[in-house]
Amino acid sequence: MSSISSPGLGSGLDVNSIVKSLVDAERVPFDKKKDKAQEVNTAKISSFGNIKSAMSELDDILFDLKLPFTFNERIVDTSSSKFTVEAGSASVTGDYDIEVLQLAAAHKMTSIGFTEGDPVGEGTMDFTVGSETFKVEISATDDLEAVKAKISDASNGLVTASILTADDGQHLTLTGTKTGAGNDIAITVTDIDGDITDGSGLSRLNYNGAPDDTFTLQNTAQDASIKVDNFLTVNSDTNSFDSVVAGAVITVTGTHTAGEKDKFSISKDEESIVTRLTEFIEAFNKVVVSVEEASDVNVDLDTAGTLVGDSTVRTMMNQIRTALSTPVKLEDGNVFSLSMMGISTKKDGSLELDAKELKDSVHTNFDDLSEIFASSEGIGRKLNDVVSEYRKFGGLIDQRITGLEESNVRWDEEQVKNEKKLSTLKDRLYSQFLSMDLLVAQLKATGDYLTTQLDNLPGFTSKN
172 MSSISSPGLG SGLDVNSIVK SLVDAERVPF DKKKDKAQEV NTAKISSFGN
222 IKSAMSELDD ILFDLKLPFT FNERIVDTSS SKFTVEAGSA SVTGDYDIEV
272 LQLAAAHKMT SIGFTEGDPV GEGTMDFTVG SETFKVEISA TDDLEAVKAK
322 ISDASNGLVT ASILTADDGQ HLTLTGTKTG AGNDIAITVT DIDGDITDGS
372 GLSRLNYNGA PDDTFTLQNT AQDASIKVDN FLTVNSDTNS FDSVVAGAVI
422 TVTGTHTAGE KDKFSISKDE ESIVTRLTEF IEAFNKVVVS VEEASDVNVD
472 LDTAGTLVGD STVRTMMNQI RTALSTPVKL EDGNVFSLSM MGISTKKDGS
522 LELDAKELKD SVHTNFDDLS EIFASSEGIG RKLNDVVSEY RKFGGLIDQR
572 ITGLEESNVR WDEEQVKNEK KLSTLKDRLY SQFLSMDLLV AQLKATGDYL
622 TTQLDNLPGF TSKN
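For the sequence shown, the numbering used here assigns the number 172 to the initial residue and increments by one for each residue that follows.
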């Protein structure tokens with residue numbers, strides 16, 4: 172008897188549907204379990220991502236609140252066009268009058284005209300700029316361009332050399348790079364002919380400030396000079412003054428006419444601290460909202476957040492609240508807490524701000540704020556330590572996210588294994604049904620044969 176190539180042909184059963192139903196009966200429970208687990212994991216990953224995003228914003232703000240100089244910043248107020256002021260955290264506060272008498276300048280001078288391309292003369296040029304020196308050797312074939320290049324190469328940045336061309340020829344311009352009195356340029360020439368007074372050859376580039384020098388003085392090297400509060404005159408070899416007001420740098424850019432002056436003031440930057448603390452409260456409340464959304468239970472709607480009862484979130488918020496609520500003991504023995512600054516905790520765990528009380532507290536306690544927030548036991552530093560531990564790359568939140576992602580991968584791997592098992596089951600079922608089909612077909616064929624033989628017997632009457 173030939174074999175049956177189509178499942179169910181021998182038995183008349185829809186074997187394909189039966190096998191599919193039996194395999195699906197094994198597959199569906201696992202797939203539902205996997206899909207549900209991965210759905211929960213993905214929702215948790217999203218919730219942790221939202222919390223980490225809010226924590227990152229909070230951490231960025233806390234970074235400043237843990238730094239001492241954040242609470243010692245100064246504001247400079249001036250409308251002067253003659254000077255600018257930069258005030259550091261150590262600047263002494265106060266009001267000042269400034270009169271700019273003169274700006275610092277570098278020595279600048281220009282030579283007589285030389286014919287382009289003609290040799291200048293042979294010899295040496297010994298330069299003195301302030302207390303520093305350098306030497307230039309001039310050959311018999313060097314023109315003014317070559318002299319300029321040699322000066323630039325040998326000066327070690329003390330002098331810049333350039334050439335200006337006018338109707339009477341090329342002029343060598345030399346400019347000192349250092350401002351301030353005493354930084355004049357002097358040139359002692361040794362001419363090959365031994366005479367530096369004949370007005371020829373290299374002697375034409377000799378300069379010592381005498382009236383008969385062949386260089387024309389453009390600027391003399393001089394100090395900047397200012398008068399402070401109408402009586403104190405201060406000089407600087409640059410246009411910056413860093414010792415007039417402790418911790419501040421005054422940079423002059425123009426001079427006053429006689430008797431004119433401009434004011435500037437340095438004050439404590441209380442407003443920036445109020446702004447930073449306000450931003451801190453807003454960022455903290457975003458963390459509270461993100462945690463609440465992930466952990467909330469709604470009895471009426473019979474819904475629960477993805478992170479209800481999660482130990483990582485619960486521990487994180489407990490540590491944050493502890494850092495917030497722990498008073499700071501100051502060196503003078505006083506104890507300080509956020510509640511003394513108009514910052515209180517609401518029932519939902521978020522922070523509430525009394526803006527006026529905060530502003531008054533910053534003004535009253537300005538000199539203690541650095542210790543309150545940025546000391547080793549300060550609120551800002553402790554909070555930053557906690558928040559950073561959770562939100563940093565590879566931190567506790569990342570570890571939870573990684574664990575959930577790995578769980579999803581394991582479910583996918585289990586699904587592959589399960590499909591292999593189901594494939595084996597499918598093959599076995601088809602084999603069993605095929606055997607049954609063959610047997611049924613054989614039995615049917617035998618029955619048909621017997622019926623035919625009986626019908627052919629003498630005297631046998633079929634009842635069909």
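Each residue gets a CB set at the ideal place from its N, CA and C atoms; glycine is no exception.
Contact check, residue i vs residue j, beta carbons under 8 Å
{"i": "T286", "j": "G351", "result": "no"}
{"i": "R375", "j": "T385", "result": "yes"}
{"i": "E441", "j": "H342", "result": "no"}
{"i": "A275", "j": "T493", "result": "no"}
{"i": "I421", "j": "S436", "result": "no"}
{"i": "K398", "j": "Y267", "result": "no"}
{"i": "A258", "j": "A395", "result": "no"}
{"i": "T171", "j": "G328", "result": "With the chain covering only 172 through 635, there is no way to say anything about residue 171."}
Check: residue i C-beta below 7 Å from any heavy atom of the ligand NAD
{"i": "E270", "result": "The ligand NAD is absent from the structure shown, which contains no ligand whatsoever."}
Short CB-CB distance (under 8 Å) between residue i and chain C
{"i": "S326", "result": "The chain labelled as chain C is not found in the depicted structure, where only one protein chain is given."}
For residue i, three-class secondary structure by DSSP
{"i": "I175", "result": "Bear in mind that the predicted position of I175 carries a pLDDT of just 44, short of 50, making it too unreliable to give a figure here."}
{"i": "K349", "result": "strand"}
{"i": "S436", "result": "strand"}
{"i": "T336", "result": "strand"}
{"i": "I491", "result": "helix"}
{"i": "A475", "result": "strand"}
{"i": "A417", "result": "coil"}
{"i": "F285", "result": "strand"}
{"i": "S250", "result": "coil"}
{"i": "A395", "result": "strand"}
{"i": "D362", "result": "strand"}
{"i": "A616", "result": "helix"}
{"i": "S578", "result": "helix"}
N- and C-terminal bounds of the beta strand (DSSP E) containing residue i
{"i": "L522", "result": "522 to 524"}
{"i": "F298", "result": "294 to 300"}
{"i": "A258", "result": "254 to 258"}
{"i": "T304", "result": "303 to 309"}
{"i": "N131", "result": "In the structure displayed, the chain extends from 172 to 635; residue 131 sits before or after that span and is not available."}
{"i": "N390", "result": "387 to 390"}
{"i": "V271", "result": "265 to 273"}
{"i": "S515", "result": "514 to 516"}
Exposed unless 16 or more other CB atoms sit within 10 angstroms - verdict on residue i
{"i": "L448", "result": "buried"}
{"i": "T281", "result": "buried"}
{"i": "T404", "result": "exposed"}
{"i": "A277", "result": "buried"}
{"i": "L621", "result": "exposed"}
{"i": "V300", "result": "buried"}
{"i": "Q672", "result": "Only positions 172 to 635 of the chain appear in this structure, which leaves residue 672 out of reach."}
{"i": "S606", "result": "exposed"}
{"i": "R571", "result": "buried"}
{"i": "D366", "result": "exposed"}
{"i": "A417", "result": "exposed"}
Unbroken alpha helix (DSSP H) run spanning residue i, endpoints
{"i": "F201", "result": "186 to 236"}
{"i": "V558", "result": "550 to 562"}
{"i": "V112", "result": "Residue 112 is absent from the model: the chain starts at 172 and stops at 635."}
{"i": "V462", "result": "441 to 466"}
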